[in-house]
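Peer 1: In my numbering, the protein residues as written are 725 to 1227.
Every residue gets a Cβ at the ideal spot worked out from N, C-alpha and C, and that includes glycine.
Okay, handing you the structure first.
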Amino acid sequence: MEREALLTLAMEVHGLATFDWDVPGGAIHCTIDAAAPLETQSAPITDFQGWTERVEPSDVAAVSAAVAAAEGERRDRVAFRYHFRRIDGSLRTIEATARCQYDAAGRIVRLSGISADVTEREAREAELIAREAQMQSILQAIPSAMVVIDDHGAIRRFSPAAEALFGYEASEVLGENVAVLTPDSIYDLHDGYLKRYRETGEQRVIGINRAVVARRRDGTEFPMELSIGEALVDGQRLFTGFMRDLSDRHAAEQTAEDLRNELVQVSRVTAMGEMAASLAHELNQPLAATANFLAATKLIVERGGDIGRITDLVGLANEQIQRAGHIIRNIREFIAKREVEIGIEPIEKTIRDSVGLVLVGAARTEVEVRFAFHQTSDLMVADRVQIQQVMVNLLRNASEAVQKLPPLSARMILIFVRDAPEDMIEITVSDTGAGIDPSVIDKLFTTPVPTTKGAESMGVGLSICRRIVEAHGGTLTAENRYAGGATFRFTVPVATTVERDDG
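Below, the structure is given as structure tokens:
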């Protein structure tokens, strides 16, 4: 009795029921308890006809066919599956296995076996199938290559985009160590990284975009952007890597950088042509003053004058020479052909130096420049000379616009600096001139716009300015001021503290 009780308990725990089916007579006897899948206390099933009334018709035919097939092959066991509707209306999925007993003529006379309610299992399997289908759909749509590995480096998933990127079929690399996708020089490093992470839990690459070198199936190496995420799936730690080929971008960046350097050089030299007249006038002042001071000094020396007075005059002449030298050094630095040099540069000094380069000479002294610096950081990440080129171009246009105003008009340039989203600063150059012709404002940065500057046009200069700004990761826009005049805004990265991760 104790063994029978234990058996009954085990069947209840696992949701099992026994049944005995007299096939020729149709009588059915099954266990009746709360855990049995065919629990029908309010309407117990006693025969095959009662059973068929509660089972889907197609399943009745399938069960009969399975029994007939077992009988035809004289098998000692038969298994079948059907959908059973309970008294409460719920539809359950039942799996059954029975031993076959035959008569002397070879016909099945009795089926004795066990049935199990697999509804929940079937639902879980369907959910898993749906999730797998959804995952495959996602993998097909993701443009970036995706590779999933376990905490020992074995590849568990390999997306279609990864197949295209690396040249492997998924079936070729599933189960292989992810190091197969890396150059030989770092083949052994991945296992060390994973071992260290398992032992310490220290995250050195999780969630960080990194530029790495990868290897295709044909052995070629290429630059790649890699971002790694981590997840626990059914108690197993998995790492998902999203990868993007940087080969084309690197080549395009190099081409763009070469072109940009040439364009910037041409633009700077052209801009200097416009400054030539004013620059000559500006240099003439200290040189003329120097000549006057030295002439006076010579006269005093010839007359045997006071040494103190001679010293003063020589000192004044020296100051004027230093002034002229400072002007020349600034101009030479501005037009010198050089490679792009991104660094940490002072914002305010760069802007004020640009103003000094443009508003040089008496011809532009009537233009008032007002500054407003409201940014949090005093430093930016930029090529100082290139940003000065942008400022010089914008300031030159603004200066010419206000100088065309009638006498006694407010000839003003407004420079405003403030913080912008995403670690950028915004620099605004506005003027009180006539503004931009609405018919050309939409194509200001792409189509040369005729001006009074002859061969040099504002459109060409602004297109170069936009390329420079965009190469710094910023934007350049233009609009007309409500109060009159034009406004140009551009952004550059602000200098922030960056923590490096060498893992």
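Put His753 into one of helix, strand or coil per three-state DSSP.
Peer 2: His753: strand per DSSP, three-state reduction.
Peer 1: So, using beta-carbon positions, are Arg1076 and Thr1152 closer together than 7 Å?
Peer 2: Not closer than 7 Å, so no.
Peer 1: What is the DSSP secondary structure of Thr1021, counted as helix, strand or coil?
Peer 2: Helix at Thr1021.
Peer 1: With a threshold of 8 Å, are at least 3 pairs of Cβ atoms found where one atom belongs to the region 1188 to 1195 and the other to the region 1126 to 1145?
Peer 2: At 8 Å Cβ cutoff, the stretches do not touch.
Peer 1: Suppose contacts are defined by Cβ-Cβ distances below 7 Å. Is Phe966 in contact with Met870 by that definition?
Peer 2: Closer than 7 Å, so yes.
Peer 1: Can you give me the C-alpha to C-alpha distance between Arg831 and Arg810, rounded to a whole angstrom?
Peer 2: Each residue's alpha carbon lies about 31 Å from the other.
Peer 1: Straight-line CA distance for Glu795 to Glu887?
Peer 2: Each residue's Cα considered, the two are about 50 Å apart.
Peer 1: Taking DSSP's pairing of strands, which residues face Ser971 in a bridge?
Peer 2: DSSP lists no partner for Ser971.
Peer 1: Compare the Cα-Cα distances from Leu1168 to each of Pro1145, Thr1211, Lys919 and report the closest residue.
Peer 2: Nearest option by C-alpha distance: Thr1211.
Peer 1: Just tell me which of Ala1134, Glu1092, Gly899, Asp1166 has its CA closest to the CA of Ala1158.
Peer 2: Of the candidates Ala1134, Glu1092, Gly899, Asp1166, the one whose C-alpha sits nearest the C-alpha of Ala1158 is Ala1134.
Peer 1: For Ala822, tell me which candidate among Ser788, Leu815, Leu835, Thr770 has the shortest Cα-Cα distance.
Peer 2: That would be Leu835, whose Cα lies nearest to the Cα of Ala822.
Peer 1: Kindly list the residues whose CB is nearer than 6 Å to the CB of Ser951, restricted to its own chain and excluding five residues on each side of it in sequence; keep chain order.
Peer 2: Contacts found: Asn933, Phe966.
Peer 1: Please state whether the Cβ-Cβ distance between Ala1020 and Leu1040 is less than 7 Å.
Peer 2: Their beta carbons are not under 7 Å apart, which means Ala1020 does not touch Leu1040 by this criterion.
Peer 1: Check the C-beta distance from Ile1071 over to Met1104 and give it rounded, since I have them as a contact under 8 Å.
Peer 2: The Cβ separation is near 5 Å, so the contact holds.
Peer 1: How many angstroms separate the CA atom of Ala741 from the CA atom of His753?
Peer 2: Using only the alpha carbons, I get a separation of about 11 Å.
Peer 1: Within the continuous beta strand (DSSP E) that includes Gln825, where are the two ends?
Peer 2: That run of the beta strand (DSSP E) goes 815 to 826.
Peer 1: Just to confirm, are Thr1199 and Thr1215 a CB contact at a threshold of 7 Å?
Peer 2: It is a contact, given that the beta carbons lie within the stated cut-off.
Peer 1: I'd like the ranges of any beta strand (DSSP E) spanning at least 3 consecutive residues and lying wholly in the region 781 to 819.
Peer 2: Segments of the beta strand (DSSP E) lying fully in the region 781 to 819: 801 to 809.
Peer 1: Have a look at Thr906 and Asp1155 and give me their C-alpha separation to the nearest angstrom.
Peer 2: Taking the straight line joining both Cα atoms gives about 56 Å.
Peer 1: So Leu1082 and Leu1119 are in contact, right, with Cβ under 8 Å, and what is the actual spacing, rounded?
Peer 2: In the sequence as presented, Leu is not what sits at residue 1082; that position holds Val. Correct: roughly 4 Å between the Cβ atoms.
Peer 1: Can you look up Pro1162 in the DSSP assignment and give me helix, strand or coil?
Peer 2: If DSSP states are grouped into helix, strand and coil, Pro1162 belongs with coil.
Peer 1: Give the DSSP-derived three-state secondary structure of Gln960 in the structure shown.
Peer 2: Note: Gln960 maps to strand in three-state DSSP.
Peer 1: Grab me the residues of His1196's own chain with a C-beta within less than 7 Å of its C-beta, minus the 5 sequence neighbours each way, in chain order.
Peer 2: So the qualifying residues of the chain are Ala1106, Val1216, Pro1217.
Peer 1: Alpha carbon to alpha carbon, how far is Phe882 from His1098? Give it in angstroms, no decimals.
Peer 2: Each residue's alpha carbon lies about 50 Å from the other.
Peer 1: When the Cα atoms are used, what is the spatial distance from Thr764 to Arg778?
Peer 2: Note that Thr764 has pLDDT 45, beneath the 50 cutoff, so the model's placement of it is unreliable and no number is given.
Peer 1: Quick one: which unbroken alpha helix (DSSP H) runs of 4-plus residues sit fully inside the region 1082 to 1146? Chain order, please.
Peer 2: Complete alpha helix (DSSP H) runs here, min 4: 1108 to 1127.
Peer 1: What number of angstroms, rounded off, separates the C-alpha of Glu1146 from the C-alpha of Pro1010?
Peer 2: Looking at the two C-alpha atoms, the distance is approximately 46 Å.
Peer 1: Give every residue of the same chain whose Cβ lies closer than 6 Å to the Cβ of Arg961, excluding the five residues on either side of it in the sequence, and list them in chain order.
Peer 2: Excluding residues within five positions, the ones whose Cβ falls inside 6 Å are Asp875.
Peer 1: Counting only runs that start and end within the region 866 to 897, where is the alpha helix (DSSP H) found for 4 or more residues in a row?
Peer 2: Correct list: 884 to 890, 894 to 897.
Peer 1: So for Asp841, helix, strand or coil by DSSP?
Peer 2: DSSP places Asp841 in strand when its eight states are reduced to three.
Peer 1: Out of curiosity, what's the CA-to-CA distance linking Lys1022 and Arg1033?
Peer 2: Each residue's Cα considered, the two are about 11 Å apart.
Peer 1: Please list, in chain order, all residues of the same chain as Asn901 whose beta carbon is under 6 Å from its beta carbon, the five residues on each side excluded.
Peer 2: Once the five neighbours on either side are set aside, the close Cβ partners of Asn901 are Gly877.
Peer 1: Tell whether a beta-carbon distance below 7 Å holds between Ala785 and Asp771.
Peer 2: The answer is no: Cβ separation not under 7 Å.
Peer 1: Secondary structure at Pro748, three-state DSSP: helix, strand or coil?
Peer 2: Pro748 falls in the coil class under three-state DSSP.
Peer 1: With a cut-off of 7 Å, does the C-beta of Ile1151 fall near any C-beta of chain C?
Peer 2: The structure shown contains no chain C, having only a single protein chain.
Peer 1: Does Arg934 come out as helix, strand or coil in the three-state DSSP assignment?
Peer 2: Note: Arg934 maps to strand in three-state DSSP.
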